[in-house]
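Trainee:
Right, here's the structure in full:
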């Protein structure tokens with residue numbers, strides 16, 4: 001920067017005006033130097049524009065090797081057969097156009113004293129319309145500056161925050177002090193940044209704690225189908241349990257390509273039993289909350305069958321089975337044969353409602369619970385759907401609770417979050433009745449998007465857990481979709497996944513919540 005400024009001042013000493021075109025300095029670099037000098041009245045400058053003609057890459061190739069028509073003219077012989085034009089249709093077409101050649105019967109004749117007209121025009125920038133038509137030349141807008149001396153050009157010594165010895169000699173009146181620029185942002189500090197979703201989740205957590213909710217433990221990403229589906233009174237033939245909606249995990253670990261010895265066998269069993277590890281192809285795999293049930297060895301292959309560690313209370317399991325098959329009280333159930341094997345399947349949890357089911361079953365002390373964590377569904381990715389996303393889980397337990405209490409709680413939460421345009425739509429859930437989907441208006445997409453689901457847990461679910469008089473309300477809310485509304489994003493992939501822009505992460509603050 002200093003070198004540029006010194007060069008400008010040196011040239012201006014003997015000139016009243018200086019054009020930046022004579023400096024051969026990129027305008028983006030030069031502009032910063034000029035602004036700095038102008039702020040101290042050393043120079044003044046005006047920004048100008050001009051249109052220049054630039055030779056394209058194709059034009060540069062012609063300047064180097066000649067035009068296609070002229071090269072075609074050179075390669076053919078006088079009186080060649082007309083079919084020779086098929087070898088270079090573009091070159092021959094332009095050669096006919098510029099009368100380098102002409103047709104006589106079935107033969108091509110060459111004119112004499114031919115020059116490469118297009119190359120000559122490019123060198124001299126003649127016949128620009130024709131050159132532009134052939135995309136050999138294009139117009140480009142160029143910015144340049146006219147620079148003149150400023151009022152303090154002769155007195156260029158500047159002092160900023162350092163006190164010179166001349167101050168003590170009463171010479172300050174002869175010095176130029178550089179003015180502070182309070183509008184300058186300064187250099188950006190290279191620092192780590194929190195992801196916007198982390199900040200958004202922190203805001204959600206803060207709101208629920210203010211509303212008197214207790215946070216639930218959500219450390220189980222891997223769930224059994226029993227807690228993920230069956231305990232919620234969701235039938236085993238429900239479409240959401242299909243492979244196209246749920247990620248099922250293999251409950252078998254195959255350890256192959258090993259010379260099986262008793263020592264290796266015992267070591268694998270020890271790892272699996274004590275540390276929740278499975279061993280496969282020389283790699284340790286973690287299977288949290290699951291343990292080995294049996295181990296078989298056939299021809300050098302160890303097959304370990306993984307089953308859930310915890311023993312589900314058999315009486316509760318039987319009550320769930322009976323409720324599915326026959327119903328409860330006035331309910332008639334689903335009228336099918338419930339399968340324990342189906343309930344033993346291992347899944348990536350599709351919702352954190354499985355967490356609510358565990359808390360309800362354990363009759364955890366408290367009336368209001370919440371959690372924020374990831375769930376997994378075999379979804380087709382689009383602007384509002386991801387296979388891995390976050391869910392806000394809510395659970396309320398009490399006497400005589402109803403749907404209006406649920407709607408009031410959800411509305412209060414979203415209002416505190418800053419989302420006030422809400423709609424509740426009647427819906428069907430296997431484990432809640434009545435049920436309501438929650439919609440929020442997205443101003444950028446100009447449409448209502450689903451941001452949650454909710455309902456009153458059915459008696460078939462909570463009565464089997466031992467609740468006689470209590471009512472339980474549940475809701476599952478999205479994190480990403482409300483964040484889309486708050487951050488002004490029109491695509492969920494801009495908030496989560498490999499498409500997230502790092503500049504967005506660095507620059508975006510916490511959503512400003514308007515509680516007025």
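In this note's numbering, the protein residues as written are 1 to 516.
Cβ coordinates follow ideal geometry from the N, Cα and C atoms, glycine included.
What do you get for residue 482, buried or exposed, if any count of 16 or more other CB atoms within 10 angstroms of its CB means buried?
Mentor: That one is buried.
Trainee: Check for me: the alpha helix (DSSP H) holding residue 137 runs from which residue to which?
Mentor: Where residue 137 is concerned, there is no enclosing alpha helix (DSSP H), although the beta strand (DSSP E) it sits in stretches over 137-149.
Trainee: Residue 139: which of 146, 131 and 145 sits nearest, CA to CA?
Mentor: Minimum Cα distance to residue 139 is reached at 131.
Trainee: Which residues share a DSSP beta bridge with residue 426?
Mentor: Residue 426 pairs with 436.
Trainee: Identify which residue in 420, 96 and 359 has its Cα closest to the Cα of residue 396.
Mentor: Here the closest residue by C-alpha is 359.
Trainee: Determine, using beta carbons only, whether residue 375 and residue 352 come nearer to each other than 8 Å.
Mentor: Yes.
Trainee: With 16 as the cutoff for other CB atoms within 10 Å, does residue 315 come out buried or exposed?
Mentor: With fewer than 16 other Cβ atoms within 10 Å, it is exposed.
Trainee: Drop a sphere of 10 angstroms on the beta-carbon of residue 438, count the other beta-carbons inside from all chains shown, and report buried for 16 or more, exposed for fewer.
Mentor: Its Cβ being crowded by 16 or more others within 10 Å, residue 438 is buried.
Trainee: Secondary structure at residue 56, three-state DSSP: helix, strand or coil?
Mentor: Of the three classes helix, strand and coil, the one that applies to residue 56 here is coil, per DSSP.
Trainee: So, using beta-carbon positions, are residue 440 and residue 421 closer together than 8 Å?
Mentor: Taking 8 Å as the Cβ cut-off, residue 440 and residue 421 qualify as a contacting pair.
Trainee: Using a Cβ-Cβ cut-off of 8 Å (strictly less than) and excluding sequence neighbours within five positions of residue 119, which residues of its own chain qualify?
Mentor: So the qualifying residues of the chain are 62, 63, 66, 67 and 70.
Trainee: Applying the criterion that 16 or more other CB atoms from any shown protein chain within 10 Å of the CB defines a buried residue, is residue 495 buried or exposed?
Mentor: So residue 495 counts as buried.
Trainee: Report the option in 233, 192, 326 and 147 whose CA atom is closest to the CA atom of residue 456.
Mentor: Among 233, 192, 326 and 147, the Cα nearest to that of residue 456 is on 233.
Trainee: What is the DSSP secondary structure of residue 298, reduced to helix, strand or coil?
Mentor: Only weak support exists for where residue 298 lies, its pLDDT of 45 falling under 50; the value from the coordinates is given anyway. Here residue 298 sits in strand by DSSP.
Trainee: Write down every uninterrupted run of the alpha helix (DSSP H) in the stretch 35-92 whose length is 4 residues or greater and which is fully enclosed by it, in chain order.
Mentor: The stretch 35-92 contains these whole alpha helix (DSSP H) runs: 57-65 and 68-75.
Trainee: Using the Cα positions of residue 404 and residue 369, report the straight-line distance between them to the nearest angstrom.
Mentor: Their backbone Cα atoms lie some 18 Å apart in a straight line.
Trainee: Mapping DSSP to helix, strand and coil, what is residue 109?
Mentor: Reduced to three states, the DSSP call for residue 109 is strand.
Trainee: What does the Cβ neighbour count give for residue 73, buried or exposed, with the cut at 16 atoms within 10 Å?
Mentor: Burial call: buried.
Trainee: Mind checking whether residue 137 and residue 56 have CB atoms under 8 Å apart?
Mentor: Yes, the pair counts as a contact, with Cβ atoms nearer than the cut-off.
Trainee: Would you identify the three-state DSSP class for residue 396, choosing helix, strand or coil?
Mentor: Strand at residue 396.
Trainee: Helix, strand or coil: how does DSSP classify residue 12 here?
Mentor: If DSSP states are grouped into helix, strand and coil, residue 12 belongs with the helices.
Trainee: Report the residue from 2, 113, 427 and 226 whose alpha carbon sits nearest the alpha carbon of residue 527.
Mentor: Because the chain here runs from 1 to 516, residue 527 falls outside it and cannot be looked at.
Trainee: What whole-angstrom Cβ distance do residue 343 and residue 245 have, given they're in contact under 8 Å?
Mentor: Not confirmed; about 17 Å, so no contact.
Trainee: Who pairs with residue 374 in a beta bridge, going by DSSP?
Mentor: According to DSSP, which records beta bridges pairwise, residue 374 is partnered with 390.
Trainee: The alpha helix (DSSP H) with residue 361 in it runs from where to where?
Mentor: It spans 353-361 - the alpha helix (DSSP H) in which residue 361 sits, taken as one unbroken run.
Trainee: Rounded to a whole number of angstroms, what is the C-alpha to C-alpha distance between residue 402 and residue 458?
Mentor: Those two C-alpha atoms are separated by around 12 Å.
Trainee: Which term fits residue 357, buried or exposed, when burial requires 16 or more other beta carbons within 10 angstroms of its beta carbon?
Mentor: Residue 357 comes out buried.
Trainee: Measure the alpha-carbon distance for residue 504 versus residue 193 and round it to whole angstroms.
Mentor: Residue 504 and residue 193: Cα-Cα distance of roughly 10 Å.
Trainee: Beta-carbon within less than 8 Å of residue 489's beta-carbon, same chain only, minus the 5 sequence neighbours each way: which residues are those?
Mentor: Contacts found: 444, 483 and 495.
Trainee: Classify residue 59 as buried or exposed, calling it buried when 16 or more other Cβ atoms lie within 10 Å of its own Cβ.
Mentor: Buried: at least 16 other Cβ atoms inside 10 Å.
Trainee: By a C-beta neighbour count over all protein chains shown, 10 Å radius and 16 as the cutoff for buried, is residue 320 buried or exposed?
Mentor: Under this definition residue 320 is a buried residue.
Trainee: Residues in its own chain within less than 8 Å of residue 332 by CB, not counting five upstream and five downstream?
Mentor: Closer than 8 Å at Cβ, skipping near neighbours: 326.
Trainee: Grouping DSSP H, G and I as helix and E and B as strand, with all else coil, what is residue 382?
Mentor: In this structure, residue 382 counts as strand in the three-state DSSP scheme.
Trainee: What three-state label does DSSP hand residue 224 in the structure shown?
Mentor: Reduced to three states, the DSSP call for residue 224 is strand.
Trainee: Can you name the start and end residues of the alpha helix (DSSP H) that residue 233 belongs to?
Mentor: Counting along the chain, residue 233 falls outside any alpha helix (DSSP H), and DSSP gives it neither H nor E.
Trainee: Can you list, in chain order, the residues of its chain whose CB lies under 7 Å from that of residue 372, leaving out five sequence neighbours each side?
Mentor: Excluding residues within five positions, the ones whose Cβ falls inside 7 Å are 201, 204, 205, 390, 392 and 479.
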